[in-house]
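Let me begin by presenting the structure, written as structure tokens, before commenting on it.
Protein chains: 2
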Amino acid sequence: MTTEQDCLALDAADPLAAQRVQFALPDGVIYLDGNSLGARPKASLQRAQQVIAAEWGDDLIRSWNTAGWYDLPRRLGNLLAPIVGAAADEVVVTDTTSVNLFKALAAAIKMQADHPGRAGRRVIITERDNFPSDIYMAEGLLGWLERGYQLKLLESWSDLPAALSGEAGQQVAVVMLTHVNYRTGRMFDMTATTAQIHAAGALAIWDLAHSAGAVPVALNAANADFAVGCTYKYLNGGPGSPAFIWVPQRHHAQFAQPLTGWWTHRQPFAMQPAYAPVAGIGRALCGTQPVVSLALVECGLEIFGQVAMAALRAKSLALSDLFIALLEEHCAGHPLELITPRAHAERGSQVSVMHPHGYAVMQALIARGVIGDYREPQVMRFGFTPLYTSYQDVWRAVMVLKDILDRSDYQVDAKRDAVT
Amino acid sequence: MTTEQDCLALDAADPLAAQRVQFALPDGVIYLDGNSLGARPKASLQRAQQVIAAEWGDDLIRSWNTAGWYDLPRRLGNLLAPIVGAAADEVVVTDTTSVNLFKALAAAIKMQADHPGRAGRRVIITERDNFPSDIYMAEGLLGWLERGYQLKLLESWSDLPAALSGEAGQQVAVVMLTHVNYRTGRMFDMTATTAQIHAAGALAIWDLAHSAGAVPVALNAANADFAVGCTYKYLNGGPGSPAFIWVPQRHHAQFAQPLTGWWTHRQPFAMQPAYAPVAGIGRALCGTQPVVSLALVECGLEIFGQVAMAALRAKSLALSDLFIALLEEHCAGHPLELITPRAHAERGSQVSVMHPHGYAVMQALIARGVIGDYREPQVMRFGFTPLYTSYQDVWRAVMVLKDILDRSDYQVDAKRDAVT
Numbered sequence: 001m002t003t004e005q006d007c008l009a010l011d012a013a014d015p016l017a018a019q020r021v022q023f024a025l026p027d028g029v030i031y032l033d034g035n036s037l038g039a040r041p042k043a044s045l046q047r048a049q050q051v052i053a054a055e056w057g058d059d060l061i062r063s064w065n066t067a068g069w070y071d072l073p074r075r076l077g078n079l080l081a082p083i084v085g086a087a088a089d090e091v092v093v094t095d096t097t098s099v100n101l102f103k104a105l106a107a108a109i110k111m112q113a114d115h116p117g118r119a120g121r122r123v124i125i126t127e128r129d130n131f132p133s134d135i136y137m138a139e140g141l142l143g144w145l146e147r148g149y150q151l152k153l154l155e156s157w158s159d160l161p162a163a164l165s166g167e168a169g170q171q172v173a174v175v176m177l178t179h180v181n182y183r184t185g186r187m188f189d190m191t192a193t194t195a196q197i198h199a200a201g202a203l204a205i206w207d208l209a210h211s212a213g214a215v216p217v218a219l220n221a222a223n224a225d226f227a228v229g230c231t232y233k234y235l236n237g238g239p240g241s242p243a244f245i246w247v248p249q250r251h252h253a254q255f256a257q258p259l260t261g262w263w264t265h266r267q268p269f270a271m272q273p274a275y276a277p278v279a280g281i282g283r284a285l286c287g288t289q290p291v292v293s294l295a296l297v298e299c300g301l302e303i304f305g306q307v308a309m310a311a312l313r314a315k316s317l318a319l320s321d322l323f324i325a326l327l328e329e330h331c332a333g334h335p336l337e338l339i340t341p342r343a344h345a346e347r348g349s350q351v352s353v354m355h356p357h358g359y360a361v362m363q364a365l366i367a368r369g370v371i372g373d374y375r376e377p378q379v380m381r382f383g384f385t386p387l388y389t390s391y392q393d394v395w396r397a398v399m400v401l402k403d404i405l406d407r408s409d410y411q412v413d414a415k416r417d418a419v420t
Numbered sequence: 421m422t423t424e425q426d427c428l429a430l431d432a433a434d435p436l437a438a439q440r441v442q443f444a445l446p447d448g449v450i451y452l453d454g455n456s457l458g459a460r461p462k463a464s465l466q467r468a469q470q471v472i473a474a475e476w477g478d479d480l481i482r483s484w485n486t487a488g489w490y491d492l493p494r495r496l497g498n499l500l501a502p503i504v505g506a507a508a509d510e511v512v513v514t515d516t517t518s519v520n521l522f523k524a525l526a527a528a529i530k531m532q533a534d535h536p537g538r539a540g541r542r543v544i545i546t547e548r549d550n551f552p553s554d555i556y557m558a559e560g561l562l563g564w565l566e567r568g569y570q571l572k573l574l575e576s577w578s579d580l581p582a583a584l585s586g587e588a589g590q591q592v593a594v595v596m597l598t599h600v601n602y603r604t605g606r607m608f609d610m611t612a613t614t615a616q617i618h619a620a621g622a623l624a625i626w627d628l629a630h631s632a633g634a635v636p637v638a639l640n641a642a643n644a645d646f647a648v649g650c651t652y653k654y655l656n657g658g659p660g661s662p663a664f665i666w667v668p669q670r671h672h673a674q675f676a677q678p679l680t681g682w683w684t685h686r687q688p689f690a691m692q693p694a695y696a697p698v699a700g701i702g703r704a705l706c707g708t709q710p711v712v713s714l715a716l717v718e719c720g721l722e723i724f725g726q727v728a729m730a731a732l733r734a735k736s737l738a739l740s741d742l743f744i745a746l747l748e749e750h751c752a753g754h755p756l757e758l759i760t761p762r763a764h765a766e767r768g769s770q771v772s773v774m775h776p777h778g779y780a781v782m783q784a785l786i787a788r789g790v791i792g793d794y795r796e797p798q799v800m801r802f803g804f805t806p807l808y809t810s811y812q813d814v815w816r817a818v819m820v821l822k823d824i825l826d827r828s829d830y831q832v833d834a835k836r837d838a839v840t
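Chains as they are written, first to last, in the working numbering: chain F, 1 to 420; chain U, 421 to 840.
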């Protein structure tokens, strides 16, 4: 049996333990929802004050140049690049994940339509279990194209090889997957899956919302085609902070997307009515960005600049292994079903557990200061963020969960909890 | 001749003079660029602290509900609505002006395509002198539609009636105009122009980037079809703060746009793969918004809640009239060309003046603390923001300009300044 002392010993030996002090975390809270909204870097308050009082208030319009506001999407993109295995000038931080996915999917479809041997392909593949907004955005885009594109939803991730093989595979233009599933925490092998997709003549778009800052990602090594992701989860950029989009160097010349706002123009301040796209990653921008929210992304990225992803990954797996082990040791008699893979290679940085009264149990946990979250159906999600989660946090969270379950100390709402 | 004493007397009698204290303005600066980036409401710093430290830092993920983050686009839209003559639940503050224009134009095109008598129309009209990003966005959208839509650029605003008449007019699906021109400050008569557009069977989209908070706007009274606009200029929302989009009640049921992110879903947290749009203005949203930048928009809107647009308009015109009169009295010998209309009904809240060395003269003004801005070709723009611009500011700005021109105290850059 694992004891709390064991957990304390793990914390004492943890090379990342010193990072926690960089985050402002409220007393009395065990925060296991950094996969939804990352905790606040303490530096963010002073940075906001600088942007608001000095750059906006004092320097006013001049700050677009003097404070580097124009360059923020590119500069932050370059800070983010190593976290996802991208090269310099391949990433911009801009707009929302949904909008960036629209850009990437449109660009991938156009690349295929312009490809002599692939112009007739009309199928876009994703998982039915993908994050719904990705599915909605794809439907939204395809509905406006008039050449009969169709979205095919895989019932399971394991159906992908079959969907890419034979006659059917020859119809596939693009496969759009989320690297780590938002609900289950299951992770794809990006390199192998991209290779399968390429072997079928399709392009691979990866959504890194639950990957960037959570697990090692090597976009260029995996030869991926496009990627988008989020800065407000594991990257701790702040609520709703702008998202990112990655376009590899090899696709820059062909990259074209429909949201051709002035920030994508070669000479935005020449104010010419004729459109001429800038060379490079700037084509993935669109319009003027929310500077205060954007600037705060840097506070989170600066912390990632001080740690190695290998160390983060090692601790992430140790935390989620510990959580699973403690669940089995202490909550074995309860109807909990682990839906996150046990295999490290298939696991992101969260653990998801189904319970017939998952919604009610999560509400009870939150009321007692253990903050995870709930996703339909019946899924309690617990995110592990090695920068500020301790082994003792994991111990305490499981002890609170055990107590709630042992005493059935939760309020079942018949409308929310369908007992299966 | 107008004297500085006359200006001081105007300030002493100005009912809006008391508003200036709500803004943080640096010493030694006369800020005439609120048409590009509005000045900072003092309340913004404390509001940012609340959002960052308390809502993000302490309450973490719970703030999406407890702090009303989810409702911000709608709540701010309702605060903004009276400023542009919109009704409740017709405006959301979200995304960028360019992205919102894309939504509005796509929706308008679809409405026309679905209209039995108008489905064959394939022409979208705008002005060659429209803000370039609007033109680029329209080109970007039309390039992805496959039914041969074309963008027609009017050489002059006065060409619109001809373009809407006869056979040509029967091909026009949508007219997309900026209400107040960014370069000249010329303002359209929204009611009359919308009526002309409707008479031709077309729909009218208005970009209010230089109108919202600057001039009276009555979208519903004008029977406009869609509008978008900016919160970081006259509304003082902060650098790059999220934009807005207006969809009138009468178009809600038919409104459909391609950026169908999860915030447009009827039940975003049901996490269903099937898309079902929410009823109402929520369809104009897309994805998760940058909360810190978004929240600061409220500080600017709160000030507008305390003043009457009629008073703002009266002072705006008095300021720009004064500026024009002082230019004529003091700078008459210099090659300045006024390109903003003298007629009040055609003037926004800026005055634009061409000078052969406009770029160099503006740099000299800025170096001496008079901040306007420059737009190609040769245009010096001076924005008048009645909430924080005084009559004495106008006097001093013209005196500095006069001194620069009289002494030719500017550095001509041959590459920038083409002498005509």
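Note that CB positions come from ideal geometry on N, CA and C, so glycine has one too.
Remember, it's a predicted structure, so these values are computed and weren't measured experimentally.
Would residue i and residue j be called neighbours here (beta carbons separated by less than 7 Å)?
{"i": "Trp476/U", "j": "Arg40/F", "result": "yes"}
{"i": "Trp69/F", "j": "Val297/F", "result": "no"}
{"i": "Leu151/F", "j": "Glu139/F", "result": "yes"}
{"i": "Gln812/U", "j": "Leu428/U", "result": "yes"}
{"i": "Gly85/F", "j": "Val217/F", "result": "yes"}
{"i": "Gly589/U", "j": "Gly768/U", "result": "no"}
{"i": "Val99/F", "j": "Arg74/F", "result": "no"}
{"i": "Thr194/F", "j": "Ala173/F", "result": "no"}
{"i": "Cys299/F", "j": "Ser44/F", "result": "yes"}
{"i": "Asp554/U", "j": "Leu521/U", "result": "yes"}
{"i": "Gly369/F", "j": "Phe382/F", "result": "no"}
{"i": "Leu301/F", "j": "Leu79/F", "result": "yes"}
{"i": "Thr680/U", "j": "Tyr234/F", "result": "no"}
{"i": "Val832/U", "j": "His777/U", "result": "yes"}
Cβ closer than 7 Å: which chain F residues qualify as neighbours of residue i?
{"i": "Glu718/U", "result": "What Glu718/U touches in chain F: nothing, since even the nearest Cβ is about 13 Å away."}
{"i": "Gln692/U", "result": "Pro132"}
{"i": "Ile481/U", "result": "Asp33, Ser36, Leu37, Ile371, Asp373"}
{"i": "Glu661/U", "result": "The sequence given here has Ser at residue 661/U, not Glu. Those within 7 Å of Ser661/U in chain F are Pro290."}
{"i": "Ser464/U", "result": "Ile52"}
{"i": "Asp478/U", "result": "Pro26"}
Which residues in chain U sit within 8 Å of residue i, going by Cβ to Cβ distance?
{"i": "Val99/F", "result": "Asp515, Val519, Leu679, Gly681, Cys706, Gly707"}
{"i": "Ala397/F", "result": "What Ala397/F touches in chain U: nothing, since even the nearest Cβ is about 15 Å away."}
{"i": "Arg342/F", "result": "In chain order: nothing, as chain U lies at least about 24 Å away."}
{"i": "Phe102/F", "result": "Pro678, Leu679"}
{"i": "Trp69/F", "result": "Pro659, Gly660"}
Tell me, to the nearest whole angstrom, how far the beta carbon of residue i is from that of residue j; I am working on the premise that it is less than 8 Å.
{"i": "Leu387/F", "j": "Ile303/F", "result": "6 Å"}
{"i": "Thr516/U", "j": "Gln709/U", "result": "Contact doesn't hold; Cβ gap of about 11 Å is too wide."}
{"i": "Ala227/F", "j": "Ile197/F", "result": "Ala227/F to Ile197/F, Cβ: 13 Å. No contact."}
{"i": "His630/U", "j": "Tyr652/U", "result": "His630/U to Tyr652/U, Cβ: 12 Å. No contact."}
{"i": "Ala48/F", "j": "Ala468/U", "result": "5 Å"}
Residues of chain F with a CB under 9 Å from the CB of residue i: which are they?
{"i": "Arg567/U", "result": "Glu146"}
{"i": "Leu746/U", "result": "What Leu746/U touches in chain F: nothing, since even the nearest Cβ is about 23 Å away."}
{"i": "Arg460/U", "result": "Ile52, Ala53, Trp56, Gly57, Asp58, Leu60"}
Taking Cβ-Cβ distances shorter than 7 Å, what residues in chain U pair up with residue i?
{"i": "Gly305/F", "result": "Going along chain U, no residue has its Cβ under 7 Å from Gly305/F, so there is no contact; the nearest lies around 21 Å."}
| request: Could you please tell me which residues of the region 274 to 296 of chain F, in chain order, have their CB closer than 8 Å to any CB of chain U? | output: Tyr275, Cys286, Gly287, Thr288, Gln289, Pro290, Val291, Val292, Ser293, Leu294, Leu296
| query | Quick check: the region 315 to 326 of chain F against the region 7 to 26 of chain F, are there 3 or more CB pairs under 8 Å? | reply | yes
| query | Quick check: the region 119 to 135 of chain F against the region 274 to 286 of chain F, are there 3 or more CB pairs under 8 Å? | reply | no
| Given a limit of 7 Å on CB to CB distance, which residues of the region 20 to 38 of chain F reach chain U? | Ala24, Pro26, Tyr31, Asp33, Ser36, Leu37
| Is it true that the region 675 to 685 of chain U meets the region 521 to 536 of chain U, where meeting means three or more beta-carbon pairs spaced less than 8 Å apart? | yes
| Name the residues in the region 373 to 390 of chain F whose C-beta lies less than 7 Å from a C-beta of chain U; which are they? | Asp373, Arg375, Glu376
| Selection of the region 345 to 368 of chain F by Cβ proximity to chain U, strictly under 9 Å | Ile366
| Given a limit of 7 Å on CB to CB distance, which residues of the region 531 to 561 of chain U reach chain F? | Arg548, Pro552, Ser553, Ile555, Tyr556, Met557, Glu559, Gly560, Leu561
| task | For the region 218 to 238 of chain F, enumerate the residues whose C-beta is nearer than 7 Å to any C-beta of chain U, in chain order. | result | Gly238
| said: So if I threshold CB-CB distances at 8 Å, which residues from the region 572 to 587 of chain U count as touching chain F? | reply: Leu573
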